[in-house]
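**Student:** Take a look at this one; I'll ask things after.
See the structure below:
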C-alpha cells in the first residue's frame, strides 16, 4: 500500500467478507490480536471478559479496527495533503443494525471517536516540527452505509452533518445512488455552515453484483416459464438431467426433488451452481429439451443476446447516475441548487460537489473499469486480480487508452439497452421513480429517465440487495464468532 499510494490510489475499502479474508490470509494477525486482547482490551474493558457474548459486536469492531489500522496510517499523508479529499479508508457498519438510524449513527460515531484518539497520537509524531493548519486527529474514515435500507438516506444525512463521509454501498440502482447522494449533499451543507469541512463521500455502483443477479434472474425465469408448459414428469426429468450436467451431488439432487419446482430452479440457476453462464451446455440443453424457445440455434441466439447485453447492465446504470449528477450540463444545476436551497456560497457548493464521487465496484471483467473512466468525480475500486486483468487487457495489440477517455460519459449501446429494458429487474435499476423525477425536475435536470425504478420502500426486497444482505450478514456473523473464540482464548 505504501507503494500504491505513490501511484495515485486514493481509497481502501473493506466489508465483513474482506475483514475475515485478511485474517485468514495472514493467520499471524490472529496471534497479534490475541496479544492486543491481553495487553489492552481486557484491561480497558474487563466487563467484556465476563460476558463476551453480550459485547460481541463491540469485540468484532475492535478486531476490524485492529486489522485496518495500518491502512489508516499508510493513507494518512494523502489525506492530510489533500485536506481530506483523498487517502480514505472504508469501514462497514454492523449489518445487523444497518436498518436502524440511531444505532448506525451511534456505531459510526463511536468508531470515529476511537480512531481519532489513536490518530491524534500518530499525527503528533507524523507532523512534529510542522506548522500544520489541518485539524490533527481527524480520521481519514468513510463509513460504509448499506443503501439496501431506506434508513440509509437519513444515516447519510446525519453522518455527513458531523463531518463523517460515507461509502454508500449495496447500491445497484439509479434511485438508491441518487437519493442517498441527495441526503449526503444536505448533510455536507449543514456541516459546512458549522465550519466543518466535509469528508469525501462515495456513491457506490455495485455493477458486477447487479449483473450476477440479472443472470440468475433471467436464467430462472426462462426455465420456469418453459417447465410450466410441461407435464410434471417431463419437467422433473429435465431438472434431474440439468442437475447432473451441473455436477450437483446425487444426495443433493435427492433433496431437491422434495422441493417446489421454483426452489429447484432457483438453486440450479444460482451463480454458485450455474456460474453465471447462460451458455452453459447443460442449461442450454434444458431449454432446448423444453421446446419452449425453438431449436438449439434459436436458444443459443437468444441466450447469447441476453448474455452480451447483461455484461453492460452495471455500466449503463453507472453512466446514467454520472450523467444526472456530474455531466457538464447538469453539474452546474446541482451547484446552483445547493447554494440556493441550503444557503451556502457558490464556492462552498462547489466544494460539496467536489467531495462526492461515483464509485464503480464489484467488477467482473476489464471493461467494467475501462468503460467507467473519468478525470473528475469518479473513483474506481477493484481487487488486485481485477487490476491485473485490466493491465493485461491494456497490453493487447490494438489497445488505445485514448478510446476510453471520459468513457463514463458515452451513450449506451442501443441494441444492448433495448434487450436490457425487457428485463424487469434491470428497469428497476435503470429508471427513476416518481419521487426522484419530481426532485430532478425541481433543480432543472431534465431527461427521459422513466418512473419505474425501485421505490425506496422496496430496496430491502430488491433482488441484488436481498442477496448481498444475506451474504454480508452471514459473513459478519461467521467473523464475529471467530473473533469471540479468539477473545475467549
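Residue numbers (the working numbering): 48 to 536. The beta carbon of each residue, even a glycine, is placed where N, CA and C say it ideally should be.
#1: Give the DSSP-derived three-state secondary structure of residue 462 in the structure shown.
#2: What is the DSSP secondary structure of residue 444, reduced to helix, strand or coil?
#3: I'd like to know whether the C-beta atoms of residue 491 and residue 479 end up nearer to each other than 8 Å.
#4: On the DSSP bridge assignment, give the partners of residue 97 in chain order.
#5: Just checking, does the segment 422–440 make contact with the segment 320–335 on the three C-beta pairs under 8 Å criterion?
#6: How would you call residue 108, buried or exposed, if buried means at least 16 neighbouring beta carbons within 10 angstroms?
#7: For residue 444, count neighbouring Cβ atoms within 10 angstroms of its own Cβ and tell me buried if that reaches 16, exposed if not.
#8: Restricting to Cα atoms, I'd like to know which of 210, 470, 310 is closest to residue 40.
#9: Could you compute how far the alpha carbon of residue 144 sits from the alpha carbon of residue 516?
#10: Please list, in chain order, all residues of the same chain as residue 537 whose beta carbon is under 6 Å from its beta carbon, the five residues on each side excluded.
#11: Between residue 150 and the rest of its own chain, which residues show a CB-CB distance below 7 Å, the 5 nearest in sequence each way excluded?
#12: For residue 212, which three-state DSSP category applies?
#13: Can you give me the C-alpha to C-alpha distance between residue 475 and residue 99, rounded to a whole angstrom?
#14: Along the chain, which unbroken stretches of the beta strand (DSSP E) at least 3 residues long are found entirely within the segment 132–173?
#15: How many angstroms separate the CA atom of residue 191 from the CA atom of residue 316?
#16: Going along the chain, which residues of its own chain have a beta-carbon closer than 8 Å to the beta-carbon of residue 536, five neighbours each way excluded?
#17: With a threshold of 8 Å, are at least 3 pairs of Cβ atoms found where one atom belongs to the segment 200–218 and the other to the segment 84–94?
#18: If you pair each beta-carbon of the segment 49–60 with each one of the segment 135–143, do three or more pairs fall below 8 Å?
#19: With distances taken Cα to Cα, identify the nearest neighbour of residue 502 among 252, 320, 220, 259.
#20: Can you give me the C-alpha to C-alpha distance between residue 323 and residue 262, rounded to a whole angstrom?
#21: Kindly list the residues whose CB is nearer than 6 Å to the CB of residue 231, restricted to its own chain and excluding five residues on each side of it in sequence; keep chain order.
#22: Quick check: is the beta carbon of residue 362 nearer than 8 Å to any beta carbon in chain C?
#23: Classify residue 58 as helix, strand or coil using the three-state DSSP reduction.
#24: Rounding to the nearest angstrom, what Cα-Cα distance links residue 307 and residue 196 in this structure?
#25: Once you ignore the five residues that flank residue 159 on each side, which residues in its own chain have a CB closer than 7 Å to its CB?
#26: With distances taken from CA atoms, which of 391, 113, 173 is nearest residue 67?
#27: DSSP has residue 407 in a bridge; who is on the other side?
#28: Could you check what DSSP says for residue 398 in three-state terms: helix, strand or coil?
#29: Could you check where the beta strand (DSSP E) with residue 492 kicks off and where it finishes?
**Tutor:** Based on what the coordinates show:
#1: For this step, residue 462 is matched to residue 415 along the chain shown. If DSSP states are grouped into helix, strand and coil, residue 462 belongs with the helices.
#2: As a position in the chain shown, residue 444 is number 397, starting the count at 1. Coil, per DSSP.
#3: Looking up residue 491 in the chain shown gives position 444. Looking up residue 479 in the chain shown gives position 432. Against a cut-off of 8 Å, the Cβ pair of residue 479 and residue 491 comes out as no contact.
#4: Residue mapping note: residue 97 aligns to position 50 of the chain shown, counting from 1. Answer is none; residue 97 lacks a bridge partner.
#5: no
#6: Here residue 108 refers to the residue found at position 61 when the chain shown is read from its first residue. Under this definition residue 108 is a buried residue.
#7: Your numbering for residue 444 matches position 397 in the chain shown. It counts as exposed.
#8: Past the edges of the chain, shown from 48 to 536, lies residue 40, and the structure says nothing about it.
#9: Numbered from 1 along the chain shown, position 97 holds the residue referred to as residue 144. Numbered from 1 along the chain shown, position 469 holds the residue referred to as residue 516. If you take the alpha carbons of residue 144 and residue 516, they lie about 12 Å apart.
#10: In the structure as shown, the chain starts at 48 and stops at 536, and residue 537 therefore has no counterpart that could be examined.
#11: Translated into the one-based positions of the chain shown, residue 150 becomes position 103. Cβ neighbours of residue 150 beyond the five flanking positions: 144.
#12: One-based indexing of the chain shown puts residue 212 at position 165. Correct three-state label for residue 212: strand.
#13: The residue you call residue 475 lines up with position 428 of the chain shown. The residue you call residue 99 lines up with position 52 of the chain shown. When rounded, the separation of the alpha-carbon atoms in residue 475 and residue 99 is 43 Å.
#14: 135–139
#15: Within the chain shown, numbered from 1, the residue matching residue 191 stands at position 144. Within the chain shown, numbered from 1, the residue matching residue 316 stands at position 269. Each residue's Cα considered, the two are about 30 Å apart.
#16: What you label residue 536 is simply residue 489 of the chain shown in a count that begins at 1. Answer for residue 536: 81, 84, listed in chain order.
#17: no
#18: yes
#19: Counting from 1 along the chain shown, the entry for residue 502 is found at position 455. Closest option to residue 502, Cα to Cα, is 220.
#20: To locate residue 323, count along the chain shown from 1; it is residue 276. To locate residue 262, count along the chain shown from 1; it is residue 215. Their Cα atoms are separated by approximately 6 Å.
#21: Counted from its first residue, the chain shown places residue 231 at position 184. Contacts found: 203, 207, 248.
#22: Structure shown: chain C not included; a single protein chain is present.
#23: Within the chain shown, the letter at position 11 stands for residue 58. In the structure shown, residue 58 sits in a strand (DSSP, three-state: E or B).
#24: As a position in the chain shown, residue 307 is number 260, starting the count at 1. As a position in the chain shown, residue 196 is number 149, starting the count at 1. Computed Cα separation, rounded: 30 Å.
#25: If you number the chain shown from 1, residue 159 lands on position 112. Within the same chain, residue 159 has close Cβ partners 186, 188, 211.
#26: Residue 67 sits at position 20 when you count from the first residue of the chain shown. Of 391, 113, 173, the residue nearest in Cα terms is 113.
#27: Numbered from 1 along the chain shown, position 360 holds the residue referred to as residue 407. Answer is 252, bridged to residue 407.
#28: To locate residue 398, count along the chain shown from 1; it is residue 351. Residue 398: helix per DSSP, three-state reduction.
#29: In the chain shown, residue 492 corresponds to position 445, counting from 1. That residue, residue 492, is in no beta strand (DSSP E); it is neither H nor E in DSSP.
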